[in-house]
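Note that UniProt numbering has the sequence shown beginning at 1, numbered continuously upward.
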Amino acid sequence: MRVIPDIPYGPLPHQALDLALPDLPRAVVVYAHGGGFAKGSRKEETFADLVARLCPLGIAVASVSYRLGGGLVDMEPSDRPAMRRMVAASAAAGLRLNARLYGPAFAMALFDLGRAVSALKSGALVSALTGLPVTLLGMSAGGIAALSLAHPPKVWAGRLTRPDAVLAVSAAMVQPWRLRPGGPPCVMLHGGIDRIIPPDDARLAARVAQEMGADLRVMFTETSGHVPQLTRLLHGTAPDGRPALSLLTDLVARTLL
């Protein structure tokens with residue numbers, strides 16, 4: 001196994017990732033950090049934890065950075081009208097989270113994450129990963145972008161590469177009307193008490209997914225808080241009593257069928 005840091009996947013400063021590559025990779029997990037689309041780093045300890053647990057299984061691990069803190073003025077002029085419509089639709093959908101989590105900074109992170117997935121799947125960054133399935137693991141804001149990449153806005157769908165599966169921790173589906181059958185399998189792990197992304201937002205995604213027949217499952221833990229859900233995923237148990245990390249490895253296994 002070798003670690004390759006600071007691989008650019010695009011021309012902008014934040015468009016870079018760190019990659020841990022096993023000798024014989026068979027799948028890829030991409031970690032997208034949290035931070036409200038305003039802060040956060042791919043260099044956090046979560047990357048090392050995932051590498052230690054997943055690389056021995058033949059799963060490559062990438063930790064990705066994306067643009068932070070952008071506003072409408074930072075988007076392409078042609079994308080701004082669609083962004084305004086999406087913000088209004090999200091505000092009317094019954095979400096309780098802060099509106100900045102579905103605004104322009106979210107959209108730019110979405111584009112960057114899609115670009116990183118495309119670069120990995122195509123082999124443009126490392127040829128050994130060509131054609132391998134990619135599972136996104138997103139924490140908070142990273143999970144919001146990951147879920148939206150699995151069910152992207154129609155107006156941008158041709159510009160975004162979808163992942164093969166998603167595990168979103170303490171996140172929300174900020175455009176729940178996009179949920180449809182035939183999308184990548186998605187799992188949301190959420191605490192019963194979360195002051196940053198209310199549990200009702202996860203319940204909204206679960207309800208719409210059931211109505212639409214989308215492959216999305218929400219699991220609530222008895223662990224309180226926002227960030228502690230990531231610790232539970234890495235080191236604790238799932239609600240069904242198994243190691244919580246099996247939620248991720250089970251998704252990876254589904255992409256290999």
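The beta-carbon is built from N, C-alpha and C at its ideal position, and this holds for glycine as well.
| Query | Result |
| --- | --- |
| Check for me: the beta strand (DSSP E) holding M1 runs from which residue to which? | Unbroken run through M1: none, as it is neither H nor E. |
| Alpha carbon to alpha carbon, what distance is there between L248 and T130? | 21 angstroms |
| Assuming the contact rule is C-beta atoms closer than 8 angstroms, A185 and L256 should be a hit. Round their C-beta distance to whole Å, please. | What sits at residue 185 in the sequence shown is Pro, not Ala. That pair is no contact at about 12 angstroms. |
| Check each candidate in L110, W156 and M219 and name the one with the smallest Cα separation from G70. | L110 |
| Quick one: what does DSSP say S122 is sitting in, helix, strand or coil? | helix |
| Ends of the alpha helix (DSSP H) at L54? | T46 to L54 |
| Counting along the chain, where does the beta strand (DSSP E) carrying R217 start and finish? | L216 to T221 |
| Just grab the DSSP bridge partners of A27 for me. | I59 |
| How is M188 classed by DSSP in three states: helix, strand or coil? | strand |
| Mind checking which residues open and close the beta strand (DSSP E) that includes L21? | A16 to L21 |
| V134: which of A38, A60 and M86 sits nearest, CA to CA? | A60 |
| May I ask which residues mark the beginning and end of the alpha helix (DSSP H) holding A91? | R80 to A92 |
| Am I right that G58 and P25 are in contact with their C-beta atoms under 8 angstroms? What's the rounded C-beta distance? | 6 angstroms |
| Taking DSSP as the reference, what is the three-state secondary structure of L245? | coil |
| What residues are listed by DSSP as bridge partners for G225? | Answer is none; G225 lacks a bridge partner. |
| In whole angstroms, what is the alpha-carbon distance linking L149 and R254? | 18 angstroms |
| What's the gap between the Cα of V29 and the Cα of M139? | 13 angstroms |
| Contact check, R100 vs D200 under 8 angstroms by CB: the rounded distance? | Actually they are not in contact, since the Cβ atoms of R100 and D200 sit about 18 angstroms apart, beyond 8 angstroms. |
| Put D6 into one of helix, strand or coil per three-state DSSP. | strand |
| Apply the 10 Å Cβ neighbour rule to R178 and answer buried if 16 or more other Cβ atoms are within range, or exposed otherwise. | buried |
| Could you pull the start and end residues of the beta strand (DSSP E) that M139 belongs to? | V134 to M139 |
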